[in-house]
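Q:
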Amino acid sequence: PVTSLTGVMGRLASGDNAVEVPAVDRGDEIGEMAKAVMVFKDAAIQKQRLESETSEARAAAEAERARNEAEKARKAEEDHVAIAELAAGLSALSDGDLTYRITAAFSPEAQRLKDDFNRTASQLQETMATISSAIDGMRNGTGEISQAADDLSRRTEQQAASLEQTAAALDEITATVKTTAEGAHKAQEVTSQARVGAEKSGAVVRDAVSAMAQIEKSSQQIGQIIGVIDEIAFQTNLLALNAGVEAARAGEAGKGFAVVASEVRALAQRSAEAAKEIKDLISTSTQQVDQGVDLVGQTGTALEKIVAQVAEITGLVTEIAASAREQSTGLGEVNSAVNQMDQVTQQNAAMVEQSTAASHNLAQEAEELARLVGKFRLGAQAGQPAARKVAVAANSSSPAPAAPARPQQPTARPALKSVATAGGQAAALLASQPADDGWEEF
Numbered sequence: 001p002v003t004s005l006t007g008v009m010g011r012l013a014s015g016d017n018a019v020e021v022p023a024v025d026r027g028d029e030i031g032e033m034a035k036a037v038m039v040f041k042d043a044a045i046q047k048q049r050l051e052s053e054t055s056e057a058r059a060a061a062e063a064e065r066a067r068n069e070a071e072k073a074r075k076a077e078e079d080h081v082a083i084a085e086l087a088a089g090l091s092a093l094s095d096g097d098l099t100y101r102i103t104a105a106f107s108p109e110a111q112r113l114k115d116d117f118n119r120t121a122s123q124l125q126e127t128m129a130t131i132s133s134a135i136d137g138m139r140n141g142t143g144e145i146s147q148a149a150d151d152l153s154r155r156t157e158q159q160a161a162s163l164e165q166t167a168a169a170l171d172e173i174t175a176t177v178k179t180t181a182e183g184a185h186k187a188q189e190v191t192s193q194a195r196v197g198a199e200k201s202g203a204v205v206r207d208a209v210s211a212m213a214q215i216e217k218s219s220q221q222i223g224q225i226i227g228v229i230d231e232i233a234f235q236t237n238l239l240a241l242n243a244g245v246e247a248a249r250a251g252e253a254g255k256g257f258a259v260v261a262s263e264v265r266a267l268a269q270r271s272a273e274a275a276k277e278i279k280d281l282i283s284t285s286t287q288q289v290d291q292g293v294d295l296v297g298q299t300g301t302a303l304e305k306i307v308a309q310v311a312e313i314t315g316l317v318t319e320i321a322a323s324a325r326e327q328s329t330g331l332g333e334v335n336s337a338v339n340q341m342d343q344v345t346q347q348n349a350a351m352v353e354q355s356t357a358a359s360h361n362l363a364q365e366a367e368e369l370a371r372l373v374g375k376f377r378l379g380a381q382a383g384q385p386a387a388r389k390v391a392v393a394a395n396s397s398s399p400a401p402a403a404p405a406r407p408q409q410p411t412a413r414p415a416l417k418s419v420a421t422a423g424g425q426a427a428a429l430l431a432s433q434p435a436d437d438g439w440e441e442f
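Numbering (full-length UniProt numbering), first residue to last: 1 to 442.
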């Protein structure tokens, strides 16, 4: 049994794992040795199995590595092709060639890059074509704007100068009207005083007419009294004559009485003569009083007319004074408004000058944009749709014919403020507007 076990062990050592181990069922030392040999056999079988599995796993790993290397090489080649094409496309874009498109076949994983590049190039081409067409319209528009701004600046300066002269003349007119209003107010006061004086004079004349009427009445009464005195003198003369006749009849006894009768008759004659003279004077005085009454009456009538006319003149002067005050107030407001217009016009002149400078800067920016866009190659047909859009927009937004120039005005004073540089505004404006709206929206 020991020899058999030795042979089995030798065969196991030589790699023969199919050998049968004897005496495994024995319970002695030989059996124990057989069991130990059996353990060696099992270990050898296990080792062989493990080595086989390891070899298979190594072969599978090597095959997987080879496949991975091949896949990596393929992907590297595809990536190289994609990177080369993208580099060529980006180089063409950097050189301004927007017509470049990638035509090489890309891997499915990189196909999106190709599509995105071609779509981006197409959008850039269309956008730059639209911008180019818009810039052409913008250049024409900015030229017209610059010309219109220059004309508007000249007209605004002329208007500012004219308005300044108008404001100065209106200041003088306002001062004159104010002086006229003050003079009319003084004339109103004077005519009011004249009307009061005329009314007082009319009252005095009416009193004089009344007094003259009283004088005429008194003269008539004096004439009546003189008539009585003349009658008394006549009767006294008759009595004296009768007394003389009776004294003559009496003879010597009547001489003294005859002397008295003679004196009485002489006195009666003198009284009659004095009464006649007084009557003549009274008659003359009455005639003169009548003439005075007529003249005073005419004077009263004239003064009444004068009072009425002075009252009418006072009313007219009052209306003139009120109108003058209203005109002075209105001209003051107009003067204030014209002064405000003058200030606003001066501010407008400054703003127009700023707009003129901005339009010139915008024209320069448009030229610069046209120069920059001219660096791109857009193709023969890329810009036609955009050009048509810009042409339609330009036709729909064509400005109305300019108004004929007004006559040359005096030289305007310079504007109030200088104009700041407007560089960069055109680019910002273009970037903020949609491409389809173009010059019309601007």
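Yeah, the Cβ is synthetic: ideal placement off N, Cα and C, and Gly gets one too.
So within the stretch 317-365, which uninterrupted alpha helix (DSSP H) runs reach at least 4 residues, ignoring any that extend past its ends?
A: none
Q: Let me check understanding here. Comparing Cα to Cα, which of Gln287, Val39, Asn17 lies closest to Arg49?
A: Asn17
Q: For Asp150, report the span of its alpha helix (DSSP H) as first-last.
A: If you look at Asp150, you'll find it in the alpha helix (DSSP H) that goes 111-250.
Q: Output yes or no for whether 8 Å exceeds the beta carbon distance between Ala258 and Ala247.
A: yes
Q: In its own chain, which residues sit with a C-beta less than 8 Å from the C-beta of Met38, not counting the 5 before and 5 after it?
A: Val21, Val24
Q: Residue range of the alpha helix (DSSP H) that Arg377 falls in?
A: That residue, Arg377, is in no alpha helix (DSSP H); it is neither H nor E in DSSP.
Q: Which of helix, strand or coil does DSSP assign to Asp97?
A: strand
Q: Suppose you measure from the CA of Ala328 to the CA of Glu172; what does that come to, to the nearest Å?
A: Note on identity: in this sequence residue 328 is Ser, with Ala being the wrong assignment. The alpha-carbon atoms of Ser328 and Glu172 are separated by roughly 12 Å.
Q: Hey, Gly223 and Lys279: beta-carbon distance below 8 Å or not?
A: The answer is yes: Cβ separation under 8 Å.
Q: From the DSSP output, in three-state form, read off Asp290 for me.
A: DSSP places Asp290 in helix when its eight states are reduced to three.
Q: Do Gly300 and Val205 count as a contact pair if the criterion is CB distance below 8 Å?
A: yes
Q: Would you kindly work out how many angstroms separate the C-alpha atoms of Gln111 and Ser359, rounded to a whole number?
A: 48 Å
Q: Quick one: what's got a C-beta closer than 8 Å to Gly197's C-beta in the same chain, skipping five residues either side?
A: none
Q: In three-state terms, what does DSSP make of Phe257?
A: helix
Q: Cβ atoms of Leu124 and Leu98: under 8 Å apart, would you say?
A: yes
Q: Would you mind giving the Cβ-Cβ distance between Thr166 and Val338, rounded to the nearest angstrom? I have them listed as a contact below 8 Å.
A: 6 Å
Q: Sorted by chain position, which residues of the same chain lie with C-beta nearer than 6 Å to Thr369's C-beta, five sequence neighbours on each side aside?
A: Reading off the sequence, residue 369 comes out as Leu, not Thr. Same-chain partners within the cutoff: Ile135.
Q: Looking at the unbroken alpha helix (DSSP H) that takes in Ser4, where does it start and where does it end?
A: 2-13
Q: Tell me whether the beta-carbon of Ala268 lies closer than 8 Å to the beta-carbon of Asp230.
A: no
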